[in-house]
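In UniProt numbering, the protein residues as written are 1 to 284.
Report on the following structure.
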């Protein structure tokens, strides 16, 4: 997302720096139609064609906002969503230029078009809460960072955190029980929670707190037998309903025949991506 003024001032970006200078130059020259226009960079795009380093194409929705209260309220709604307070759809009519917002879930494609209307998902960066450090958790951290997730690792063991304190500068390692972090507002609707400790006390409390949130993915590691016992225990002792425990992916992850920690982590993260993108497991 990039916001620019006709004077050339701008904040944000459209790509990794490939097209921004050209875009601002064209904007200053008034080359984009009002009230909105979709322009393409790359093969078959704006003349003279700018080749992207990746060899692909980039479609950009250009909107002109009138400086009034309606535009300001709309931008405030976007800001509110980006801060994690809501998940919204921006609805843009490509013919009239009218725009509005509506509630949406955290899963599904980020952009879709129905006739002349674009539905654009706006929300915070997806968060991955990892309950407890373990060999599988270590690979989940790596995959989560590579996928652009906000990775938060909760583990109450100071000695374990100290061993890894400088290993993942792009992840947050917190000396706290996962359940406490979640109970204190650590989850929003764009959050995935994975319990990977094999410690029933830690994992069960994590799951019980997660169920009370809008987290889009909740999963726990364990065999079929262990998982069945856990879910029965959460109903019998934890007071969860059958509908609530059905939100828990247990055993966690896709069935890839995984054996090693890296393979298990890959199955976990692949399942999170599947759910985030709104893909039914049966469609795989």
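We put the beta carbon where it would ideally sit given N, CA and C, even for glycine.
- Counting every other CB atom within 10 Å of its CB across the protein chains shown gives residue 230 a total of 16 or more, marking it as buried.
- Relative to the Cα of residue 102, the nearest Cα in the group 95, 116, 81, 94 belongs to 81.
- Uninterrupted alpha helix (DSSP H) stretches at least 4 residues long and entirely within the stretch 146-174 occur at 158-163, given in chain order.
- In this structure, the straight-line span from the alpha carbon of residue 20 to that of residue 31 is close to 15 Å.
- Per DSSP, residue 272 is one residue of the alpha helix (DSSP H) stretching across 261-276.
- A direct Cα-to-Cα measurement between residue 27 and residue 53 gives close to 22 Å.
- When Cβ pairs closer than 8 Å are counted between the two stretches, the stretch 139-153 is seen to touch the stretch 164-171, the count reaching three or more.
- Judged by DSSP in its simplified three-state form, residue 119 adopts strand.
- In the displayed model, residue 202 falls within a helix according to three-state DSSP.
- With 16 or more other Cβ atoms from the protein chains shown falling within 10 Å of its own Cβ, residue 265 counts as buried.
- For residue 234, the enclosing alpha helix (DSSP H) covers residues 224-236.
- The beta carbon of residue 46 is closer than 7 Å to those of 39, 40 in its chain, skipping five residues each way along the sequence.
- In the three-state reduction of the DSSP assignment, residue 9 falls in the coil class.
- Contact annotation: residue 196 and residue 130 have beta-carbon atoms nearer than 8 Å.
- In the DSSP assignment, residue 103 is bridged to 88.
- DSSP places residue 76 inside the alpha helix (DSSP H), whose first and last residues are 69-82.
- Contact between the stretch 110-127 and the stretch 174-193 is present: 3 or more CB-CB pairs across the two stretches fall below 8 Å.
- Buried is the label assigned to residue 204, since at least 16 other Cβ atoms lie within 10 Å of its Cβ.
- Here residue 199 is not near residue 175, since their CB atoms are 8 Å or more apart.
- Exclusion of the five residues before and after residue 11 leaves 3 as the residues of its chain whose Cβ lies within less than 6 Å of its Cβ.
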